[in-house]
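Top to bottom, those sequences are chains A and B. Each residue of the first sequence is one higher than the one before, counting from 1 in my numbering. Each residue of the second sequence is one higher than the one before, counting from 1 in my numbering. C-beta: ideal position from N, C-alpha, C; glycine also. Comments concern the structure below.
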Amino acid sequence: MEVALDWYLALSAVMFTIGVFGVLLKRNAIVILMCVELMLNSANVALVGFSQSLADPTGQILVFFSIAVAAAEAAIGLAIVIAIFRKKRTVNINDIHLFKH
Amino acid sequence: MALASVTFFALALIAIASAVGVLIARSPIYSALSLVLNLLSVAGLYLTMNASFIGVIQILVYAGAIMVLVLFVIMLLNLDALPSPRSIGWGPILGFVLGIGLLAQLLYVMLTSFGISLEAAEPVTTAMAVENGSANTLGQILFTEYALHLQVAAILLLAATVGAVMLAQRRFA
Numbered sequence: 001m002e003v004a005l006d007w008y009l010a011l012s013a014v015m016f017t018i019g020v021f022g023v024l025l026k027r028n029a030i031v032i033l034m035c036v037e038l039m040l041n042s043a044n045v046a047l048v049g050f051s052q053s054l055a056d057p058t059g060q061i062l063v064f065f066s067i068a069v070a071a072a073e074a075a076i077g078l079a080i081v082i083a084i085f086r087k088k089r090t091v092n093i094n095d096i097h098l099f100k101h
Numbered sequence: 001m002a003l004a005s006v007t008f009f010a011l012a013l014i015a016i017a018s019a020v021g022v023l024i025a026r027s028p029i030y031s032a033l034s035l036v037l038n039l040l041s042v043a044g045l046y047l048t049m050n051a052s053f054i055g056v057i058q059i060l061v062y063a064g065a066i067m068v069l070v071l072f073v074i075m076l077l078n079l080d081a082l083p084s085p086r087s088i089g090w091g092p093i094l095g096f097v098l099g100i101g102l103l104a105q106l107l108y109v110m111l112t113s114f115g116i117s118l119e120a121a122e123p124v125t126t127a128m129a130v131e132n133g134s135a136n137t138l139g140q141i142l143f144t145e146y147a148l149h150l151q152v153a154a155i156l157l158l159a160a161t162v163g164a165v166m167l168a169q170r171r172f173a
């Protein structure tokens with residue numbers, strides 16, 4: 001790789017932090033799910049960077065499985081959001097507090 | 001090679017800018033569209049790393065299937081932007097501090113180990129990297145060494161599909 005591995009890791013760290021910010025600060029449940037996708041994606045960047053700089057394809061196998069799990073997570077998460085929206089007419093996580101009362 | 005560096009920094013800049021776009025967009029539809037841009041620029045990064053198979057999978061599955069699903073749900077629910085909070089509580093401030101702390105920690109670990117070269121068995125050439133990321137190499141490993149894991153992933157996807165259909169049914173709500 002012409003670009004040093006450190007830069008890929010730095011990009012991965014910054015993208016992961018932006019995803020964490022999204023999960024902590026946003027109130028829309030769908031946007032929170034998208035930020036989780038962002039965090040998974042940044043972990044994939046680090047994995048592919050290591051895999052390609054060590055010439056070990058196992059890291060990319062892990063990325064393949066990670067993408068499969070992300071697809072399953074997105075499908076289930078969005079189905080839960082739809083089910084909650086039918087009941088509560090909102091996706092604002094501040095208004096979804098079934099366990100609070 | 002200067003060209004590779006320029007490509008990397010351009011793609012990384014687009015990736016970070018669109019990730020910030022996910023965060024600051026008011027409407028969820030703009031968040032989703034800038035996440036698509038982020039995923040596409042990361043796919044471009046994979047291609048510049050010679051990881052061609054993962055790059056194509058990223059575009060097909062992530063930027064294609066998953067984001068279409070997200071956009072579909074946003075349009076199905078007909079969401080507007082949420083109203084601005086009347087007062088900023090302690091939650092967002094604590095979240096901001098925690099996020100900054102996490103970034104500082106990650107960058108500290110990275111800076112203290114900056115420039116340390118990993119112990120590759122032999123120097124990795126471009127030809128090795130291209131062969132390493134090709135669908136041929138990955139497919140052979142996936143269907144021999146990780147065949148069981150592939151079956152488990154298939155069962156996981158089947159269970160997720162059945163679960164999503166069941167959860168989104170009208171009588172469940």
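Residue-level contact to chain A via CB, B:V22, 8 Å cutoff: Your numbering for residue 22 of chain B matches position 22 in the second sequence. Yes, its Cβ sits closer than 8 Å to a Cβ of chain A.
B:L138 classed as buried or exposed, judged by whether at least 16 other C-beta atoms fall within 10 angstroms: By one-based count along the second sequence, residue 138 of chain B stands at place 138. Under this definition B:L138 is a buried residue.
Neighbour list for B:V42 in chain A, Cβ cutoff strictly below 7 Å: Looking up residue 42 of chain B in the second sequence gives position 42. Correct list: N41, V45.
Assigned exposure category for B:M67 - 16 Cβ within 10 Å defines buried: Taking the first residue of the second sequence as 1, we reach residue 67 of chain B at position 67. With 16 or more other Cβ atoms within 10 Å, it is buried.
Simplified DSSP assignment, three categories, for A:N94: Within the first sequence, residue 94 of chain A is the residue found at index 94, counting from 1. In the displayed model, A:N94 falls within coil according to three-state DSSP, outside both helix and strand.
Test: B:G139 CB closer than 8 Å to a CB of chain A: Taking the second sequence and counting its residues from 1, one reaches residue 139 of chain B at position 139. The beta-carbon of B:G139 is placed no less than 8 Å from the nearest beta-carbon of chain A.
A:M39 beta carbon less than 8 Å from that of B:A19: The residue you call residue 19 of chain B lines up with position 19 of the second sequence. The residue you call residue 39 of chain A lines up with position 39 of the first sequence. Result no, Cβ atoms of B:A19 and A:M39 do not sit closer than 8 Å.
Alpha helix (DSSP H) segment containing A:F99, residue limits: For the purposes of this step, residue 99 of chain A is taken as residue 99 along the first sequence, with counting starting at 1. Where A:F99 is concerned, there is no enclosing alpha helix (DSSP H), given that its DSSP letter is neither H nor E.
Short Cβ contact (8 Å threshold) for A:V91 with B:L77: As a first step, residue 91 of chain A is located in the first sequence; it is residue number 91 there, counting from the start. As a first step, residue 77 of chain B is located in the second sequence; it is residue number 77 there, counting from the start. Yes, they are a contact pair.
Backbone CA spacing between A:I96 and B:T7 [nearest angstrom]: Translated into the one-based positions of the first sequence, residue 96 of chain A becomes position 96. Translated into the one-based positions of the second sequence, residue 7 of chain B becomes position 7. The alpha-carbon of A:I96 is positioned some 44 Å away from that of B:T7.
Beta carbon proximity, B:Y46 to chain A, threshold 8 Å: Locating residue 46 of chain B in the second sequence gives position 46, where the first residue counts as 1. Any Cβ of chain A closer than 8 Å to the Cβ of B:Y46 would place that residue at the interface, and such an atom is present.
Cβ pair A:V69, A:G59 closer than 8 Å: As a position in the first sequence, residue 69 of chain A is number 69, starting the count at 1. As a position in the first sequence, residue 59 of chain A is number 59, starting the count at 1. In this structure, A:G59 does not lie closer than 8 Å to A:V69 by Cβ.
CA-to-CA distance, A:G19 to A:Q52, given in whole angstroms: Counting from one through the first sequence, the residue named residue 52 of chain A turns up at place 52. Counting from one through the first sequence, the residue named residue 19 of chain A turns up at place 19. Using only the alpha carbons, I get a separation of about 24 Å.
Three-state secondary structure assigned by DSSP to A:N28: In the first sequence, counting from the first residue as 1, residue 28 of chain A sits at position 28. DSSP places A:N28 in the strand class (E or B) of the three-state scheme.
Straight-line gap, A:S66 to B:L156 (C-alpha atoms, nearest Å): The sequence position of residue 66 of chain A within the first sequence is 66, counting from 1. The sequence position of residue 156 of chain B within the second sequence is 156, counting from 1. A direct Cα-Cα distance of roughly 12 Å separates A:S66 from B:L156.
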